[in-house]
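Q: Got a structure for you, written out below as structure tokens; questions coming shortly.
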Amino acid sequence: MVNPRIPLSRIPTFTLFTSAITLALCTFFLLSFLFTTHSYSSHQHHLTGSEGGISHGFESIRRSILALKTDPLKPRLDQIRKQADDHRSLALVYASYARKLKLESSKLVRIFAELSVNFSDLMKKPQYRTLFSSDGSPADESVVRQLEKEVKERIKTTRQVIGDAKESFDNQLKIQKLKDTIFSVNEQLTKAKKQGAFSSLIAAKSIPKSLHCLSMRLMEERIAHPEKYTTEGKPTPPEVEDPNLYHYALFSDNVVAASVVVNSATKNAKEPWKHVFHVVTDKMNLGAMQVMFKLKDYNGAHIEVKAVEDYKFLNSSYVPVLKQLESANLQRFYFENKLENATKDTNNMKFRNPKYLSILNHLRFYLPEMYPKLHKILFLDDDIVVQKDLTGLWKIDMDGKVNGAVETCFGSFHRYAQYMNFSHPLIKAKFSPKACAWAYGMNFFDLDAWRREKCTEEYHYWQNLNENRTLWKLGTLPPGLITYYSTTKPLDKSWHVLGLGYNPSISMDEINNAAVVHFNGNMKPWLDIAMAQFKPLWTKYVDYELDFVQACNFGI
């Protein structure tokens with residue numbers, strides 16, 4: 245409409261031209277529509293012969309156009325149908341992929357196939373099929389709502405099944421889940437190993453009730469009849485210092501174990517009266533040991549029982565181990581460790597046992613001073629059993645060596661590198677990491693060669709250097725390997741068979757051929773955890789006929 249305030253002469257010519265074109269186009273489209281309607285009505289009238297055809301055709305087209313323009317349920321209905329078709333197709337795709345992967349015995353194939361069929365069956369229901377008819381009739385809103393509800397329920401179920409089954413199709417997810425599972429299992433395994441090692445250590449180092457009972461009863465006997473067992477004021481028997489006899493050194497606080505060693509050695513000796521056993525224990529067990537070795541004569545063998553405290557030269561000013569035990573750092577290392585820290589390092593756990601710095605365990609480095617009149621002596625651990633006469637060891641030519649021992653190395657195992665810290669410059673410069681290790685438990689010592697080589701001084705030198713445990717961990721084997729590095733003579737392996745306290749695969753032929761069998765390891769023969777196949781080798785030398793043993797229910 246032209247603004248009356250603006251003169252006609254000021255209206256642009258281009259604007260008038262545009263308005264005219266627009267009016268002409270509108271007139272053209274209106275006439276086209278009326279012509280089309282008229283043609284369609286005439287055609288319907290010709291086909292049906294009905295006089296009201298033109299009117300009916302016009303009304304039908306008008307209703308269809310209005311339905312498209314005014315029925316809001318049609319787009320909603322199309323969207324519902326599209327969602328149903330999409331999820332039906334998705335279920336079919338997953339079913340096909342599951343069939344290809346052969347997952348879970350085709351269980352997923354069946355589930356996805358059923359979901360797809362459910363969508364198809366839903367759309368084929370009579371009440372819903374009419375919604376998608378092409379007659380142009382308006383859709384029933386209540387039926388649409390019911391259809392939408394059922395479609396959404398099926399979509400929800402489909403998505404839930406797909407979500408649950410996703411890890412079966414996602415390889416990366418499966419790989420990550422497998423990694424997480426492996427990591428978790430490894431963590432549990434490591435924890436179980438540490439707990440098992442700690443429990444095993446407790447079981448191995450605990451004193452059985454029967455053994456404690458026996459020590460107490462023997463001590464009670466010692467207190468009740470001191471005159472029968474005391475050696476105070478009595479002269480030392482000449483056999484104890486006779487270098488022409490066969491001398492043994494046995495250091496133990498275990499009454500039964502020590503008696504088994506002596507019993508087995510004397511029963512298998514050809515001339516037991518020529519054998520002298522030097523038994524050394526601590527002050528607490530001295531009385532029990534004295535009674536135990538007075539209860540029988542052990543086939544005429546000579547037995548000397550003494551306490552560590554009887555050797556006055558063994559004090560902290562001379563012995564490095566005793567001096568180190570006075571160290572605050574070492575006391576914290578052994579005695580102030582909390583339970584939760586006890587299993588942090590399974591490999592080093594056993595070295596936290598204070599016995600590794602016990603003077604009773606280190607007496608083996610002072611044999612020449614303890615027995616100054618002797619030339620040779622056989623050292624025995626308390627967890628061994630003697631099966632043959634051992635006097636043949638005294639006939640071996642030691643070739644000027646100090647220590648006669650059975651070597652334990654094979655391949656790369658039991659080499660010096662496993663016992664010492666070769667990253668330390670002193671160790672690296674002095675020793676070979678490939679040098680063969682040998683075993684403690686049965687060691688034949690030439691005391692004259694020991695004195696000549698000054699082995700005790702060598703031991704003191706290295707023990708003092710290791711106060712902070714930087715050269716080796718703990719124990720007596722590493723300082724022994726160092727002290728006798730170039731002064732050890734290898735013995736035939738039949739003299740000493742090891743491993744009966746941890747290795748169940750040792751053959752009985754090897755055991756029966758051995759002069760000494762050694763229960764080294766945690767499964768000591770006096771414990772309940774001992775290996776059943778080897779325990780009789782030890783129990784047959786226990787004096788079960790003694791009243792004290794029977795009173796403590798020392799089971800076979």
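By the count of the numbering used here, the sequence shown reaches residue 800 at its end, each step adding exactly one. Ideal Cβ positions, reconstructed from N, Cα and C, are used throughout, including at glycine.
Could you give the first and the last residue of the continuous beta strand (DSSP E) run that contains residue 691?
A: Looking at the DSSP string, residue 691 is not in any beta strand (DSSP E); the run it does join, the alpha helix (DSSP H), is 691 to 697.
Q: In angstroms with no decimal places, state the Cα-to-Cα distance between residue 766 and residue 498.
A: 15 Å
Q: Below 6 Å CB to CB, which residues in the same chain sit around residue 290 once its five sequence neighbours on both sides are set aside?
A: With a pLDDT of only 42 at residue 290, under 50, the local geometry of the prediction cannot be trusted, and no value is derived from it.
Q: How many Å lie between residue 533 and residue 423 at the Cα?
A: 58 Å
Q: I want to know whether the segment 719 to 730 touches the segment 677 to 692 - three or more CB-CB distances under 8 Å.
A: yes
Q: In the DSSP assignment, find the unbroken beta strand (DSSP E) run with residue 490 in it and report its ends.
A: 490 to 495
Q: Consult DSSP for residue 622 and reduce its assignment to one of helix, strand or coil.
A: In the structure shown, residue 622 falls within a strand segment according to DSSP collapsed to helix, strand and coil.
Q: I need the straight-line Cα distance from residue 516 to residue 689, nearest angstrom please.
A: 20 Å
Q: Suppose only complete runs of 4+ residues qualify. What are the alpha helix (DSSP H) ranges in the segment 546 to 577, listed by chain order?
A: 564 to 569
Q: So who's on the other strand from residue 876, going by DSSP bridges?
A: This structure leaves residue 876 out entirely; the chain is present only between 245 and 800.
Q: Return the CA-CA distance between residue 723 and residue 492, expressed in angstroms with no decimal places.
A: Computed Cα separation, rounded: 22 Å.
Q: Taking all protein chains shown into account, do 16 or more other C-beta atoms lie within 10 angstroms of the C-beta of residue 746, making it buried, or fewer, making it exposed?
A: exposed
Q: Nearest by alpha-carbon distance to residue 546: which of 571, 353, 519 and 474 is it?
A: Among 571, 353, 519 and 474, the Cα nearest to that of residue 546 is on 519.
Q: For residue 867 and residue 659, what's the separation of their Cα atoms in angstroms?
A: Any answer about residue 867 is impossible in this case: the structure gives the chain only from 245 up to 800.
Q: What does residue 651 pair with, by DSSP beta-bridge criteria?
A: 682
Q: Where residue 343 and residue 418 are concerned, what is the direct C-alpha to C-alpha distance, given to the nearest angstrom?
A: One C-alpha to the other measures close to 18 Å.
Q: By Cβ distance below 6 Å, which residues in the same chain neighbour residue 708 in space, the five residues on each side in sequence not counted?
A: For residue 708, where only same-chain residues beyond five positions count, the Cβ hits under 6 Å are 564.
Q: Verify the contact flag: residue 525, CB atom, against every heavy atom of the ligand NAP, threshold strictly below 7 Å.
A: For the structure depicted, the ligand NAP is absent and the ligand set is empty, with no information on it obtainable.
Q: So, helix, strand or coil for residue 659, using DSSP?
A: The three-state reading of DSSP puts residue 659 in strand, counting E and B together.
Q: Roughly how many whole angstroms lie between the Cα atoms of residue 465 and residue 525?
A: 18 Å
Q: Quick one: Cα of residue 382 to Cα of residue 372, how far?
A: 13 Å
Q: Report the start-end ranges of each beta strand (DSSP E) in the segment 698 to 782 that is 3 residues or longer and not cut off at the edges.
A: 732 to 734 and 760 to 762
Q: So, with DSSP's three-state summary, where would you put residue 401?
A: The answer is helix: DSSP assigns residue 401 an H, G or I state.
Q: Could you tell me which residues DSSP pairs with residue 687 in its beta bridges?
A: 623
Q: May I ask you to verify whether the segment 622 to 633 touches the segment 713 to 721, counting CB pairs closer than 8 Å and requiring at least 3?
A: Segments in contact, no.
Q: For my contact list, residue 512 and residue 632 are in at a C-beta cut-off of 8 Å; report their separation, rounded to the angstrom.
A: 6 Å
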